[in-house]
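Encoded as C-alpha cells, the structure appears first; notes follow it.
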Amino acid sequence: MFDAQIRPMIDPVLNAQGRVLARLGFTANQITLIGLGLGLLACGLIAVEKTLWALLPLLFSRLADGLDGAVARARGGTDFGGYLDITCDFLFYGAVPFAFVVADPAANGLAGAFLLLSFYVNGTSFLGFALLADRHGLKSAARGKKALYFTGGLLEGTETIAFLVLLCLLPQAFAPMAWVFGGLCFLTAASRVLLAWRSFQDKGQ
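Taking our numbering, the leading residue of the sequence shown gets 662, the next gets one more, and so forth.
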C-alpha cells in the first residue's frame with residue numbers, strides 16, 4: 662500500500678549505493694544470493710527461537726533485496742536477474758512462517774499453514790497479473806524499475822517487512838498475527854483478480 666510513496670525517498674540512496682557496489686565488482690545476482698543467504702540465516706535463528714537475533718540478518722536481507730535492483734540499474738539488468746530475484750523473494754517469504762512452525766508446531770502449525778496458503782494465492786495473483794501485463798505491453802515504474810509488472814495492493818513490500826519485524830519482536834503472538842495477515846493477503850489477491858478482470862477481460866465474455 663505504501664511502496665509507491667516510499668520508493669521516491671529510498672531509491673536515490675539505493676541507487677547511489679548500487680553504483681558503489683557495481684564499481685567494486687559486485688553483480689546484481691551476487692547481491693540477490695547474499696540477500697537470500699541472510700534471509701535463510703534469519704529463518705534458521707527463528708526456528709531455534711532466537712527471534713531477536715534474527716532481526717539483523719532479516720533486515721540486511723531486505724536491504725540486499727533493494728540493492729540488487731540498484732546494482733542491476735548501474736550495470737545493466739537481465740531477464741534472468743529479475744527471475745532469480747523474484748524466486749529468491751518467494752523462497753524467503755515462505756521460509757519465515759515455516760521457521761515459526763518449526764519453532765513451535767503445536768502453537769503455530771495451523772496459523773502457519775494458513776499464512777503459507779495465503780502467500781501462495783497472493784503470489785499467484787501477482788505473477789499471473791505480471792504475465793498478462795507483459796502480454797498487453799503494460800508498464801509501471803511507480804514502485805521502481807522492475808523486471809516484472811508490480812501491481813499495487815493492500816499489502817506490498819513495506820507492509821510485509823513490517824509484519825516480519827513484528828513477528829520477530831513478538832514471536833508469542835505469531836498465531837493471531839498470522840491469521841490477520843493471511844486474511845489481508847487473501848483480500849490483496851482478490852483485489853488483483855478484480856483488477857485483472859477489469860483490465861484483461863475479453864469483450865463479449
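Each residue gets a CB set at the ideal place from its N, CA and C atoms; glycine is no exception. Treat the numbers as computed from the prediction; the structure is a model and nothing was measured.
Thinking C-beta only, is residue j closer than 7 Å to residue i?
i, j, result
"residue 679", "residue 776", "no"
"residue 705", "residue 753", "no"
"residue 746", "residue 729", "yes"
"residue 825", "residue 757", "yes"
"residue 790", "residue 853", "yes"
"residue 715", "residue 703", "yes"
"residue 725", "residue 770", "no"
"residue 779", "residue 861", "no"
"residue 693", "residue 832", "no"
"residue 727", "residue 675", "yes"
"residue 783", "residue 836", "no"
"residue 840", "residue 735", "no"
Which residues mark the beginning and the end of the alpha helix (DSSP H) in which residue i is found?
i, result
"residue 687", "Premise fails: residue 687 is in no alpha helix (DSSP H) and is neither H nor E."
"residue 799", "Here residue 799 belongs to no alpha helix (DSSP H), and DSSP marks it neither H nor E."
"residue 820", "818–830"
Quick one: grab the DSSP three-state call for residue i.
i, result
"residue 738", "coil"
"residue 804", "Caution applies to residue 804, whose pLDDT of 44 falls short of 50 and renders its modelled position unreliable; the value that the coordinates give is listed next. Residue 804: coil per DSSP, three-state reduction."
"residue 765", "coil"
"residue 675", "helix"
"residue 833", "helix"
"residue 709", "coil"
Report yes or no: is there a C-beta of chain B within less than 7 Å of the C-beta of residue i?
i, result
"residue 729", "Among the chains of the structure shown, chain B does not appear; only one protein chain is present."
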